[in-house]
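Asker:
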Amino acid sequence: VIELTKKKMSIAATNATQEQPKPAQTAAEISEEQPVFEDNAQLVDDAFKRLKAGFKTGKTRKYEYRILQLKQLHKGLRTLSKELSTAMSTDLGKNDFSNWLFELRFVEREIEHCLKHLRSWMEDEVVDTPLMLGPARSYLQREPLGVVAILGSWNYPISTAIGPMVSAIAAGNCVLMKPSEMAPNVAKLVKQIFTRFMDQSCFQ
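Residues in the sequence shown are numbered consecutively from 127, following the working numbering.
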């Protein structure tokens, strides 16, 4: 999980006694008043290299591994469900029912769907073979791509971050996650899910 550090930029003082209407701000002026988040390119590169090495071991290709990681992710969401709901309420002002219905339960159901259907999804798909190539057989074999980067959104910090991760795990990929910095309390708990429940060599 990649975390960004927050740096406040200075804001020019305004004259409170000025009677004339304040002119519209330019884009540059608006930008200067916003908090700036500085990333760490080396941190991202190092994490990517570790995940790439993890993918090259081939373990994410196995059905049993994918199932285990999906179950661990489900367990992490269940274990930290109360804390996640509280964090979303703190960061975004959402109520507990909304947090459960549109975030937590939404992702849990997606995991459960993958657990139910993953084996059939991983089976080779037989397709037609041209007559001149007979008696050969043709089929489609689905292969994972490698390392998937996921950038979470602030308004639905669980479903837009963990949701795509479910699909990435089911497909046999490794995941590099950056939760939204606009929901910092949720981001800290997402990091806990990774460190406490997931295989760190393939999910960061």
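No residue lacks a Cβ here, since even glycine has one placed at the ideal position from N, Cα and C.
#1: Could you tell me whether the stretch 273–284 touches the stretch 184–198, where touching means 3 or more Cβ pairs closer than 8 Å?
#2: Alpha carbon to alpha carbon, how far is LEU241 from ARG235?
#3: With a threshold of 16 other CB atoms inside 10 Å of the CB of PRO290, please say whether the residue is buried or exposed.
#4: At the 8 Å Cβ level, is LYS197 part of the contact set with chain C, yes or no?
#5: Can you look up MET135 in the DSSP assignment and give me helix, strand or coil?
#6: Might you give, ordered along the chain, the residues of its own chain that have their beta carbon closer than 6 Å to the beta carbon of ILE288, omitting 5 neighbours on each side?
#7: Take LYS220 and list the residues in its own chain whose beta-carbon comes closer than 6 Å to its own, dropping the five residues that flank it on each side.
#8: Mind listing, in chain order, the continuous alpha helix (DSSP H) runs of no fewer than 4 residues lying wholly within the stretch 256–325?
#9: ALA246 and ASN225: beta carbons closer than 8 Å?
#10: GLU251 bridges to which residues according to DSSP?
#11: Grab me the residues of GLU209's own chain with a C-beta within less than 6 Å of its C-beta, minus the 5 sequence neighbours each way, in chain order.
#12: Which residues share a DSSP beta bridge with PHE174?
#13: Would the beta-carbon of GLY180 fall within 8 Å of that of ARG322?
#14: Look at the alpha carbon of GLU238 and the alpha carbon of MET258, and state the distance between them as a whole number of angstroms.
#15: Helix or strand or just coil, what does DSSP make of GLN151?
#16: Alpha carbon to alpha carbon, how far is LEU230 from ARG88? Give it in angstroms, no decimals.
#17: Given CYS328, which residues of its chain have a CB within under 8 Å of its CB, disregarding the five upstream and five downstream residues?
#18: Please list, in chain order, all residues of the same chain as VAL253 whose beta carbon is under 7 Å from its beta carbon, the five residues on each side excluded.
#19: Using the rule of at least 16 other Cβ atoms within 10 Å of the residue's Cβ for burial, across every protein chain shown, is HIS200 buried or exposed?
Answerer: In short:
#1: Flag = no, the stretch 273–284 and the stretch 184–198 do not touch.
#2: Approximately 10 Å, taken between the alpha carbons.
#3: PRO290 should be labelled buried.
#4: The question asks about chain C, but that chain is absent: this structure has only one protein chain.
#5: Summary for MET135: the model assigns pLDDT 36, below 50, so the residue's position carries little reliability, and this model does not support an answer.
#6: VAL233
#7: MET214
#8: 288–296, 310–323
#9: In the sequence under discussion, the amino acid at residue 246 is Ser, which differs from the Ala named in the question. In this structure, ASN225 does not lie closer than 8 Å to SER246 by Cβ.
#10: LEU266
#11: Counting only residues of its own chain and dropping the five nearest sequence neighbours on each side, GLU209 has a CB closer than 6 Å to the CB of LEU315.
#12: Per DSSP, none; premise fails for PHE174.
#13: No, the pair does not count as a contact, with Cβ atoms beyond the cut-off.
#14: Their Cα atoms are separated by approximately 43 Å.
#15: Caution applies to GLN151, whose pLDDT of 42 falls short of 50 and renders its modelled position unreliable; the value that the coordinates give is listed next. Correct three-state label for GLN151: coil.
#16: With the chain represented from 127 up to 330, any question about residue 88 goes unanswered, as that position is not in the structure.
#17: The residues are LEU177, GLY180, PHE181, LYS185, THR186, GLN195, CYS300, VAL301.
#18: Closer than 7 Å at Cβ, skipping near neighbours: SER264, TYR265, LEU266.
#19: buried
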